[in-house]
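As structure tokens, the structure follows; a few thoughts come after it.
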Amino acid sequence: MKSNIEWNDVLKKEARGIDDEDLGEVQEVQGNYVLVKKGIINKEQFYIPKAQAESYDGDVLRFKITQEDLNQYQHEPPSIWDSDSIQETTTDERDTDEERISLTEEKLDVSKKYQEDQATITKKPVTETKTVEVPLTREEVSIKRRPPSGQTEAQSPIQSPKEIKIPVKREEAEVIKKPYVKEEVAVKKKKVTDKKKVTEDVTSEELDTSSIDK
179 MKSNIEWNDV
189 LKKEARGIDD
199 EDLGEVQEVQ
209 GNYVLVKKGI
219 INKEQFYIPK
229 AQAESYDGDV
239 LRFKITQEDL
249 NQYQHEPPSI
259 WDSDSIQETT
269 TDERDTDEER
279 ISLTEEKLDV
289 SKKYQEDQAT
299 ITKKPVTETK
309 TVEVPLTREE
319 VSIKRRPPSG
329 QTEAQSPIQS
339 PKEIKIPVKR
349 EEAEVIKKPY
359 VKEEVAVKKK
369 KVTDKKKVTE
379 DVTSEELDTS
389 SIDK
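Residues in the sequence shown are numbered from 179 upward in steps of one, following the working numbering.
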């Protein structure tokens, strides 16, 4: 860091104050004053005495003042100039004052959020005809003739037909339908990633120099 400041080197360099506060950019050095300009479009100008300069490291000219202290320095050139070491600024150097204009542009910032849908699984009845073979038992009457086992007296023969009922048993099929679990179906959820293109209009700024070129 240079203790003796070369004032010819500080033009267009950053001006910084205490705690590295931004004081603007050095534009001119005349007599015992340094002209700094601060801002982007409508720049403010301040005339800071050289005595407030502390050091210059080749890139930054540092002053022993704060950003608030700038307001105490008049915005117009001092009425009394010190003729010592007056540095003349050429027209070309004055014409190199920069006006910095920021151009902004929108960019897509896509976020994701969860949306709940429903997957529907339907059970429906299906009717089909089934045949089952079932063995059924029944009793039949068989007639077997044989001689009487002994000599017995009998009544007179009947004079008309007479029915003799002999009970016989038989099995009948009785159908009862009982539900049972024939199988189980496992339903699982799994994550599937799909790629989707998101299209949206974005706006950016650009300079229209047509009026300058004419």
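Backbone N, C-alpha and C define an ideal beta-carbon position, used for all residues, glycine too. Please read all numbers here as calculations on a predicted model, not as lab measurements.
Judged by DSSP secondary structure, residue 240 falls within the beta strand (DSSP E) whose first and last residues are 238-241.
Straight across, the Cα-Cα distance linking residue 214 with residue 390 is about 27 Å. Counting only runs of 4+ residues, the alpha helix (DSSP H) found wholly inside the region 265-350 occupies 269-272, in chain order. Going by DSSP, residue 227 is part of the beta strand (DSSP E) stretching over 222-227. In this structure, the straight-line span from the alpha carbon of residue 189 to that of residue 208 is close to 11 Å. Residue 364: not part of any beta strand (DSSP E); DSSP gives it neither H nor E. Residue 376 sits close to residue 288, with the two beta carbons spaced by under 7 Å. Note that the C-beta distance between residue 216 and residue 202 is below 7 Å. Under the three-state reduction of DSSP, residue 248 is assigned to helix. Looking only at 205, 314 and 290, the smallest Cα-Cα distance to residue 371 is reached by 290.
With respect to the 7 Å criterion, residue 319 and residue 299 are not classified as neighbours on the basis of their beta carbons.
Taking each of 240, 235, 367 and 228 in turn and checking the Cα distance to residue 297, the smallest one comes out for 367. Exclusion of the five residues before and after residue 351 leaves 312 and 314 as the residues of its chain whose Cβ lies within less than 7 Å of its Cβ.
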